[in-house]
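Residue numbers (my numbering): 12 to 419.
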């Protein structure tokens with residue numbers, strides 16, 4: 012039986028960020044995942060379809076754990092501004108980071124780029140053991156240790172097991188942690204789009220009746236990744252259109268803000284579900300990322316929320332370890348749970364309220380949201396708060412806030 016201090020189920024972005032965040036602490040960390048990326052193969056020439064809007068708070072975490080330079084050496088694009096508007100109406104808001112002393116609001120980065128950098132860092136760390144490919148077969152919870160059996164019958168012991176194994180988390184289900192979930196009644200369509208006009212490194216989002224369309228600017232000034240949130244029926248219709256028909260509908264829905272559009276990739280769709288675990292921690296167990304919560308991609312905050320889970324949990328484990336405390340005890344994990352449940356609940360409630368307000372073409376609701384957007388765009392003091400929210404600075408753990416790594 013191999014003995015570890017922390018066993019992390021899931022080698023995705025959040026699980027690996029947690030592992031890398033614990034390096035140098037003297038703790039033995041294992042990451043268990045069903046597959047391992049081929050780091051020897053070059054990054055595909057075409058941008059990946061799954062991208063993330065990494066905010067300044069997540070950037071600071073990635074800097075701290077030493078992967079940011081590797082990420083920026085590959086394909087990334089800093090976005091300096093944001094524009095949001097209600098189609099066929101007067102409601103709109105726009106802001107740029109430089110107006111408030113920031114060189115950028117965040118970066119649009121392919122998930123594959125982030126994952127590769129984190130894998131490479133984890134592989135280089137003597138504190139981290141990568142057990143891949145492997146999956147969890149069983150976990151038995153003891154008073155002083157958790158005992159993990161892998162699908163190949165290898166056995167591990169750990170003071171703490173962390174569920175970073177995604178929205179359908181096996182570990183969360185195995186621990187019988189209840190899950191609150193709801194269907195957003197939306198599917199997301201993602202694709203890579205070439206536009207006639209350059210995107211000027213501005214992230215744009217338009218609300219249109221029953222849908223939300225976001226253009227996220229990629230490194231090529233004429234390429235954007237789109238996330239189009241629509242009803243399941245509309246997603247199916249859009250997926251079935253020919254490229255020419257799809258391009259016309261897309262450019263029209265986007266009010267021709269960037270001229271004519273041309274789809275340059277396949278179109279993928281997936282259902283959107285909100286999830287919130289009733290507990291983020293238990294005896295010898297903690298949940299992070301999508302295993303604990305999933306949110307609507309409306310504001311692109313899903314992975315950022317997960318990264319802040321990793322930052323908070325790494326900080327708590329280090330603090331408890333220095334104090335000589337047993338960080339696998341639920342009584343000590345409650346501080347992590349309390350802080351992250353609060354942040355996730357605020358994000359989920361905010362996204363749900365925002366989505367309900369911008370859903371449909373009810374004239375009264377449309378007038379209300381247009382007035383709200385206009386006031387937010389014009390009232391003094393509102394935009395700086397929105398900028399901080401967009402950059403994730405309101406959800407920054409204290410230790411990252413105090414760290415000497417600078418945001419700008």
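Built from N, CA and C at the ideal position, the CB exists for glycine as well.
- Taken atom to atom, the span from the alpha-carbon of residue 92 to that of residue 120 is near 16 Å.
- Per the coordinates, the alpha-carbon of residue 38 lies some 6 Å from the alpha-carbon of residue 16.
- For residue 300, the closest C-alpha among the options 351, 46, 218 is that of 351.
- Counting every other CB atom within 10 Å of its CB across the protein chains shown gives residue 382 a total below 16, marking it as exposed.
- Straight-line spacing of the CA atoms in residue 259 and residue 270 works out to 11 Å.
- Taking the Cα of residue 357 as reference, the smallest distance to any Cα among 328, 326, 287 is reached at 287.
- The alpha helix (DSSP H) runs lying completely inside the segment 65-136 and spanning 4 residues or more are 67-75, 79-83, 122-135, given in chain order.
- For residue 45, there is no enclosing beta strand (DSSP E), as DSSP marks it with neither H nor E.
- Distance from the Cα of residue 90 is smallest, within the candidate group 145, 74, 108, for 108.
- When DSSP states are grouped into helix, strand and coil, residue 259 belongs to the helix group.
- Closest in C-alpha terms to residue 262, from the list 272, 349, 219, 14, comes 272.
- Here the alpha carbons of residue 314 and residue 80 stand approximately 19 Å from one another.
- Counting C-beta atoms within 10 angstroms of its own C-beta, residue 134 has fewer than 16 neighbours from the protein chains shown and is therefore classed as exposed.
- The segment 293-308 and the segment 68-80 do not touch, with fewer than 3 CB-CB distances between them shorter than 8 Å.
- In the DSSP annotation of this structure, the continuous segment of the alpha helix (DSSP H) that includes residue 332 starts and ends at 313-333.
- Under DSSP, residue 194 takes part in a beta bridge, and its partners are 284.
- The straight-line gap separating the alpha-carbon atoms of residue 179 and residue 302 is approximately 7 Å.
- For residue 227, there is no enclosing alpha helix (DSSP H); the residue is part of the beta strand (DSSP E) that begins and ends at 222-228.
- Considering only 116, 143, 243, the residue with the shortest C-alpha distance to residue 215 is 116.
- Separation of residue 354 and residue 246 (C-alpha to C-alpha, rounded to the nearest whole angstrom) is 30 Å.
- The continuous alpha helix (DSSP H) containing residue 185 extends over residues 181-185.
- The criterion of a C-beta distance shorter than 8 Å is satisfied by residue 18 and residue 159.
- Between the alpha carbons of residue 26 and residue 316 lies a distance of about 13 Å.
- When the alpha-carbon of residue 169 is set against those of 212, 20, 267, 67, the nearest one is in 20.
- Below 8 Å, enough C-beta pairs join the segment 142-150 and the segment 175-194 to call them touching: three or more.
- In the DSSP assignment, residue 215 falls within the unbroken beta strand (DSSP E) covering 213-219.
- Your pair residue 283 and residue 341 does not check out as a contact, with CB atoms roughly 32 Å apart and the cut at 8 Å.
- Put simply, the backbone Cα of residue 82 is about 16 Å away from that of residue 231.
- Excluding sequence positions up to five before and after residue 201, its CB lies within less than 6 Å of the CB of 60, 238, 279, all in the same chain and listed in chain order.
- The three-state secondary structure of residue 16, taken from DSSP, is strand.
- Of 105, 359, 123, the smallest CA-CA separation from residue 55 is found for 123.
- Assigned with DSSP and collapsed to three states, residue 292 falls in strand.
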